[in-house]
Structure formats: structure tokens, C-alpha cells
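Engineer: Attaching a single structure in C-alpha cells format; questions to follow.
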Amino acid sequence: MPETKSNDDVVIVEYDPRWPAAYQAEAALIAQTLGHNHIEMHHVGSTAVPGLSAKPTIDILVAVAHFAPVEEYDCRLAPIGYQHGSHENDAVRLFFRKGAAHSHHLHIVEHGSWEHCRHLLFRDYLRTHPETAQEYERLKRRLADQFGEDRATYTASKADFIFSVIAAAAQEHSVNPEGFGGCPGSEGLE
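Numbering (my numbering), first residue to last: 37 to 226.
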């Protein structure tokens, strides 16, 4: 009997040039759903880095002035298919997923927070440092081969690399994560 992959298995695919358009379409739907209850929205994660192989999941970062109760987001986002995934970082990032195969991940953060900034720093560093992006791709492929059926271990195993890239990006942009005083204008990080 052939082996089948579950929805939680980690599968890395070649970069798909349709990912930016998929982000744009979903961002428009989310913006309509949230109305004026957000400040900005960004395509983040590996699918936001041209040429980078990735899990085929569109990561969307929504920055809000202040968190509303999670129930409010649940009420607004459920009709378009998003479900809240309780997360250890709920105090700094509300996480929602869409689709049985995790087609979209939505990260709601407070505007100007370190959580907001670090996503943009990581994405933009990979966009402007192709050698680092390729190193990240090799790491993801190796970890997917090793931990493909264990998404939590796969994710945890990338942490040191991700932290090192964020540290390099923060240094490049003169951002001090210790005593963080705000992202240096996210318009410069898009």
C-alpha cells in the first residue's frame, strides 16, 4: 500500500511564482473581513521570498494597533475559513490557520512590536541575501527529510538558524531586540 502524507506532514516544494498572487487575493479577502481593524498586512514566510522552496503555505502578517479579544477575530475570520490555533506565543501573536492542508497561516501582531518587526526582518534579509536563503532552503529540505512527520520538531529544529538570521538583519538595520523600541518603519522593510 503506498505511503500517504497527513495534513501535518512537512513537504517542501519548489518555489511557485503564483504564491504572490495567492497572497494578494487572500490579503484582499482578509482586509474586507477585518475592515479598518488593521494597520498593515504583509506576505511573510518562505513563500514571500522569490525562488525559495517552501511548504506551500501562504503566511500573512496582519499588524493591528492593539489586540482585540481572540473571540472577535474568531467571529470575523471563521466565515472565510480561518480557525484560531492556540499557541504558546498568544500574548504576542495570534495564530490562525486555513484549510485542512494548512494552505494559509495568519499571524496577527501588534504594530511596531518586536513580533511584527522580526517577521519582516527575516523575510527581507532572505530576499536580499540569496546565499542565506539557499542555506535556509537546504536546512529545510534536510529537516523535512528527517522530521517530515513531526511538524513540531521540524519547526523547533529551524529555530537557531532563524534567530541567527534575525540577529544579522537587526544588526544590519541597527535594530536592538533587547529593549526593543519599535520597528524602524515597516515601509522600509516591505
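Don't be surprised by glycine CBs; every beta carbon is placed ideally from N, CA and C.
Distance, Cα to Cα, Asn101 vs Met77?
Structural biologist: Your numbering for residue 101 matches position 65 in the sequence shown. Your numbering for residue 77 matches position 41 in the sequence shown. Before going further, note that residue 101 is Ala rather than Asn in the sequence given. Roughly 12 angstroms between the two C-alpha positions.
Engineer: Around the C-beta of His72, are 16 or more other C-beta atoms found within 10 angstroms, so that it is buried, or is it exposed?
Structural biologist: Translated into the one-based positions of the sequence shown, residue 72 becomes position 36. Exposed, since its Cβ has fewer than 16 Cβ neighbours within 10 Å.
Engineer: Could you give the DSSP three-state label for Arg129: helix, strand or coil?
Structural biologist: Within the sequence shown, numbered from 1, the residue matching residue 129 stands at position 93. Looking at Arg129 - three-state DSSP - the assignment turns out to be coil, as it is neither helix nor strand.
Engineer: May I have the straight-line CA-CA distance separating Gln68 from Gly117, to the nearest angstrom?
Structural biologist: To locate residue 68, count along the sequence shown from 1; it is residue 32. To locate residue 117, count along the sequence shown from 1; it is residue 81. About 14 angstroms.
Engineer: Could you spell out where the alpha helix (DSSP H) holding Glu12 opens and where it closes?
Structural biologist: Outside the displayed span of the chain (37 to 226) sits residue 12, for which this structure offers no information.
Engineer: Could you name each continuous alpha helix (DSSP H) segment of 4 residues or more that falls completely within the segment 83-154, going from the start of the chain to the end?
Structural biologist: Entirely contained in the segment 83-154, the alpha helix (DSSP H) runs reaching 4 residues are, in chain order, 106-113.
Engineer: I need the DSSP call for Val49, collapsed to helix, strand or coil.
Structural biologist: Start at 1 with the first residue of the sequence shown, and residue 49 comes out as number 13. Correct three-state label for Val49: strand.
Engineer: Rounded to whole angstroms, what's the CA-CA distance from Phe183 to Ser200? Just pull it up for me.
Structural biologist: Taking the sequence shown and counting its residues from 1, one reaches residue 183 at position 147. Taking the sequence shown and counting its residues from 1, one reaches residue 200 at position 164. Taking the straight line joining both Cα atoms gives about 21 angstroms.
Engineer: How close, in whole Å, do the beta carbons of Ala99 and Ile75 come, if the pair is a contact with beta carbons under 8 angstroms?
Structural biologist: As a first step, residue 99 is located in the sequence shown; it is residue number 63 there, counting from the start. As a first step, residue 75 is located in the sequence shown; it is residue number 39 there, counting from the start. Going by Cβ atoms, the distance from Ala99 to Ile75 rounds to 5 angstroms, so yes, they are a contact pair.
Engineer: Going along the chain, which residues of its own chain have a beta-carbon closer than 6 angstroms to the beta-carbon of His141, five neighbours each way excluded?
Structural biologist: Position 105 of the sequence shown holds residue 141. The answer, listed in chain order, is Thr93, Asp95 and Arg133.
Engineer: Taking only three categories from DSSP, how would you classify Glu76?
Structural biologist: Within the sequence shown, numbered from 1, the residue matching residue 76 stands at position 40. It is a strand residue.
Engineer: Quick test of your reading: Lys91 and Val46, contact by CB under 8 angstroms. State the CB separation rounded to the nearest angstrom.
Structural biologist: Numbered from its first residue, the sequence shown carries residue 91 at position 55. Numbered from its first residue, the sequence shown carries residue 46 at position 10. Right, their Cβ atoms sit about 6 angstroms apart.
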